[in-house]
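Asks: This is the structure, below, for whatever I ask next.
Number of protein chains: 2
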Amino acid sequence: MNFIKTPTKGMRDLLPKDMIMREYVLNVMKEVYAKFGFELIQTPVVEHIENLTSKQGGENEKLIFKIMKRGEKLNEGDLNDPETLVDSGLRYDLTVPLARFYANNYPNLSLPFRAFQMGNVYRAERSQKGRYREFMQCDLDILGEKTNLAEIELINAVITFLSALQFKDFTIRINDRRILTQMVKYAGLPLEQLDSILISLDKLDKIGKEGVMEELQKLDLQKEKIENYLKYFEKDTSSIQSFCEQFDMEKDIVENLETILETVGTIPNAKLVFDPTLVRGMGYYTGPIFEIMVEDVPFAIGGGGRYDQMIEKYTGVSTPACGFSVGFERLCLLLEERGYKISEESEHIAYIIKDEQKLKEIYPKINEERKNKIVKVLIRSKNFKFQKENLENAGYLVVEE
Amino acid sequence: MNFIKTPTKGMRDLLPKDMIMREYVLNVMKEVYAKFGFELIQTPVVEHIENLTSKQGGENEKLIFKIMKRGEKLNEGDLNDPETLVDSGLRYDLTVPLARFYANNYPNLSLPFRAFQMGNVYRAERSQKGRYREFMQCDLDILGEKTNLAEIELINAVITFLSALQFKDFTIRINDRRILTQMVKYAGLPLEQLDSILISLDKLDKIGKEGVMEELQKLDLQKEKIENYLKYFEKDTSSIQSFCEQFDMEKDIVENLETILETVGTIPNAKLVFDPTLVRGMGYYTGPIFEIMVEDVPFAIGGGGRYDQMIEKYTGVSTPACGFSVGFERLCLLLEERGYKISEESEHIAYIIKDEQKLKEIYPKINEERKNKIVKVLIRSKNFKFQKENLENAGYLVVEE
């Protein structure tokens, strides 16, 4: 038989020790988010191909695992146009399914809807360390709330969750998509090139101001205007208001950000800072955007923002929306690297019996113990010493019966 | 935009109320099974097409959601031979992935390995009520244990789980695949037709003895031998030994079943009965088989058995194995139908504020309350009465601030 032992490319078998960490983190998350009134929902992993290829998913649309039509429908397809062979695919994020879910179910939801999703998503990316083709996303979203109550509650929930995991050294950076736009506009740079400009700005911490300067010049932008633009970033950011005065930012948007910072400031452990260089990749953001950084970790372990126009594009109904997603895989990896210890309450006992006939006799006792202890039963093996050692190393108290 | 609001055919959106029930059942299950030393593992939903089409999966292999090759590899395919376009598919059960997992990871597992899996599986079946194309399976398996310690511990774990859900009216039926075979053989019926004979026997409770008789005659079997065969089933089954004397059953196999019944008999709430008409569909079973029936429910809500040869077929290494799977979807449906109440410990409070500026002021109080209560904040809507009513109906204490 042509049987393949390893998982499919880029995917993983999760061993008991991996699952202990994952379950622990998920349980903490569920407990915290529930206290904020977020409600758990679930959507199928398989999504209509039409929904996945609607151009809202950006680069991810190139990475879809496509599912072939079945039965006679397949015969009508044409290999020269592979799209005709496909009717669905694996979701690449939880945002597209959320939009569909909301459109399908909003009469049965309490609005504004506080959604909590945990689920696997799939991307056929080139394999590389720490990147998987199947990975879990954990998304919080508030749909139908146009005020910054949404941003504040989302940031609060995530801070509370990270604090419950004993994280102390994290900072949330915040910016507003509209500030990014206004800075480009006010500096006299062309808004048609906004995306390219922001892609360069996003590299500021990696390639420095000189590097960004160089990249922007390659875009055929006027040097003087680039200098204007980059000069804004030299100003101290501790006051959003005075920072934003440089480029005549709309007052409402500044105040909105300030309120978010002040309100979040009342939360224990909160460290929220305004960072005008924060870009976040996705083009669908329309307002505040944010990102979680942990000390000595070069990548964000979560992020989100407001996306007031996206749900409408999918559903035709105008729906303000804001989301925050914690990078579950990265978080688990980080906790593991830091040697995070999960306190194990239950005692572990392994009963070793000579043969299965013995079981009947000791079963009442064992089953009583199982009310609060973890109890395994094993048949004594020929190499008892080895058997006992292994169990003891795994934390079991070994009892011979 | 060509956006489809409903889920893909035969799949479901799960609403908050659905998820509350599912999470509750899963948590009870996790807690109980952990106490038996079962270890949670997880495998990818996407499996090698070679592994899915190895002829061990029976009818399920016809129902595979197939994933298309990507990039240049797709161009090498041939539409006249659709298999050439495919490199993987969605798993249709958790047994194939378990075999692969075990082959891939056994040096890192504690043996005998007590595996616990919860995961979605996919079958492109015709849609019908209560049958979904994406559904969760919850499997317990013990790999590497050749004695009936495996059967007993599995049955015990499942009984303890159902009891924790307050089920009282369930019975576990048990039989042995080798008894089914011996009865056919001893009656003089041809073993080549074993599968067809058992398919008819399996309908005994639906079509009665006359119906089975008729079906067996259509198989071109001698009437006298059929009568011999069906006569065995008239005998009282309260003593396995005397029942099995009719067809000269091997003593070891009878004693093995008796030991299982006696040992399980020491467990509170256990109702385990020998039922020689129990068949279980899958051909891969090699020894004891079992099934959970609940009063007034026409279908089994779980089942399993010993499959000592299957892992070897996949992996080349002889590995005794026994599994028990609870039908998670059916169980949730049943609990819902019976109006099962989940005790909700946390108080629910909804603060309604005039505008988002108010949040800052009440945030310290709210966040303190969130340590043990579920607290939502909402902006006062124009139709406040309606807003308040909705929240109260959802169990929230409404506070105006």
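As given, the protein sequences belong to chains H and F, one line each in that order.
Sequential numbering from 1 applies to the first sequence in this note's numbering.
Sequential numbering from 1001 applies to the second sequence in this note's numbering.
Glycine included, every Cβ here is placed at the ideal spot set by N, Cα and C.
Can you tell me which residues form a DSSP beta bridge with F/VAL1326?
Replies: F/CYS1138 and F/GLY1302
Asks: Taking the straight line between their C-alpha atoms, what separation do you get for H/ASP169 and H/ASN27?
Replies: 22 Å
Asks: Do the CB positions of H/PHE116 and H/MET183 come within less than 8 Å of each other?
Replies: No, Cβ-Cβ distance for H/PHE116 and H/MET183 is not below 8 Å.
Asks: Listing by chain order, which chain H residues have their CB less than 7 Å from the CB of F/ALA1164?
Replies: Neighbours of F/ALA1164 on chain H: none; closest Cβ ~10 Å, over 7 Å.
Asks: Among H/GLU76, H/GLU59 and H/LYS185, whose alpha-carbon lies nearest the alpha-carbon of H/ILE226?
Replies: H/LYS185
Asks: Could I get the ranges of all uninterrupted beta strand (DSSP E) runs contained in the region 1325 to 1371 of chain F, with 3 residues as the minimum, in chain order?
Replies: 1348 to 1353
Asks: Measuring only the C-alpha atoms, how far is H/ILE174 from F/SER1110?
Replies: 47 Å
Asks: Since H/MET19 meets chain F, which of its residues come closer than 7 Å, beta carbon to beta carbon?
Replies: Within chain F, the residues placing a beta-carbon under 7 Å from that of H/MET19 are LEU1040, ILE1041 and GLN1042, ordered along the chain.
Asks: Can you check whether the C-beta of H/ASN367 is within less than 8 Å of a C-beta belonging to chain F?
Replies: For H/ASN367, the closest Cβ of chain F is nearer than 8 Å.
Asks: For F/VAL1046, which residues of its own chain have a beta-carbon under 7 Å away from its beta-carbon, when the five flanking residues on both sides are left out?
Replies: ILE1067, SER1088 and LEU1090
Asks: Determine the closest residue to H/LYS9 out of H/LYS129, H/MET282 and H/ASN256, with distance taken between C-alpha atoms.
Replies: H/LYS129
Asks: Flag F/GLN1241 as yes if its beta-carbon sits less than 8 Å from any beta-carbon of chain H, otherwise no.
Replies: no
Asks: Starting from the beta carbon of F/ASN1148, find every residue of chain H whose beta carbon is closer than 7 Å, and list them in chain order.
Replies: GLU356
Asks: Does chain H have any CB closer than 8 Å to the CB of F/GLY1037?
Replies: yes
Asks: What residues in its chain sit with their C-beta under 7 Å from that of F/THR1259, if we drop five residues either side in the sequence?
Replies: ASN1148
Asks: Could you please give the first and the last residue of the uninterrupted beta strand (DSSP E) stretch that includes F/SER1088?
Replies: Note, F/SER1088: beta strand (DSSP E), 1086 to 1090.
Asks: Straight-line CA distance for F/LEU1397 to F/HIS1348?
Replies: 6 Å
Asks: Kindly provide the ranges of any alpha helix (DSSP H) runs that are 4 or more residues long and lie completely inside the region 1195 to 1239 of chain F, ordered along the chain.
Replies: 1204 to 1218 and 1223 to 1232
Asks: Please report whether the beta-carbon of F/ALA1034 lies at a distance below 8 Å from any beta-carbon of chain H.
Replies: yes
Asks: So H/ALA124 and F/ARG1012 are in contact, right, with Cβ under 8 Å, and what is the actual spacing, rounded?
Replies: Actually they do not touch by this definition, with Cβ atoms about 25 Å apart.
Asks: Taking just the CA atoms, how far does F/ILE1289 sit from H/ILE301?
Replies: 48 Å
Asks: Under a CB-based cut-off of 8 Å, is F/MET1282 close to chain H?
Replies: no
Asks: Can you give me the C-alpha to C-alpha distance between F/SER1127 and F/THR1006, rounded to a whole angstrom?
Replies: In a straight line, the C-alpha of F/SER1127 is about 15 Å away from that of F/THR1006.
Asks: Tell me the rounded alpha-carbon separation between H/LEU165 and H/GLU329.
Replies: 15 Å
Asks: Suppose you measure from the CA of H/LYS358 to the CA of F/ILE1155; what does that come to, to the nearest Å?
Replies: 17 Å
Asks: Identify the contact partners of H/GLU50 in chain F, using a Cβ-Cβ distance below 8 Å as the criterion.
Replies: ASN1002, PHE1003 and ILE1004
Asks: Could you check the C-alpha separation between H/LEU140 and H/GLY283 for me, to the nearest Å?
Replies: 19 Å
Asks: Alpha carbon to alpha carbon, what distance is there between F/ASP1018 and F/LEU1391?
Replies: Roughly 19 Å between the two C-alpha positions.
Asks: Can the beta-carbon of F/PHE1101 be found less than 8 Å from the beta-carbon of F/ILE1049?
Replies: Against a cut-off of 8 Å, the Cβ pair of F/ILE1049 and F/PHE1101 comes out as no contact.
Asks: Verify the CB distance criterion: does H/ASP13 have a CB-CB separation below 8 Å to chain A?
Replies: The displayed structure is made up of protein chains H and F, and chain A is not among them.
Asks: Could you name the residues that DSSP lists as bridge partners for F/ILE1260?
Replies: None, per the DSSP bridge assignment.
Asks: For F/ILE1352, count neighbouring Cβ atoms within 10 angstroms of its own Cβ and tell me buried if that reaches 16, exposed if not.
Replies: Buried, since its Cβ has 16 or more Cβ neighbours within 10 Å.
Asks: With a threshold of 8 Å between beta-carbons, can H/THR266 be considered close to chain F, or not?
Replies: yes
Asks: Using the beta-carbon count (16 or more within 10 Å), is F/ILE1172 buried or exposed?
Replies: buried
Asks: Please list the residues of the region 1058 to 1070 of chain F that have a C-beta atom closer than 8 Å to any C-beta atom in chain H, keeping them in chain order.
Replies: Result list: PHE1065, LYS1066, ILE1067, MET1068 and ARG1070.
Asks: For the region 28 to 52 of chain H, which segments carrying the beta strand (DSSP E) assignment without a break, of at least 3 residues, lie completely within its bounds, in sequence order?
Replies: Runs of beta strand (DSSP E) with 3 or more residues, each lying fully within the region 28 to 52 of chain H, are found at 39 to 41 and 46 to 48, listed in chain order.
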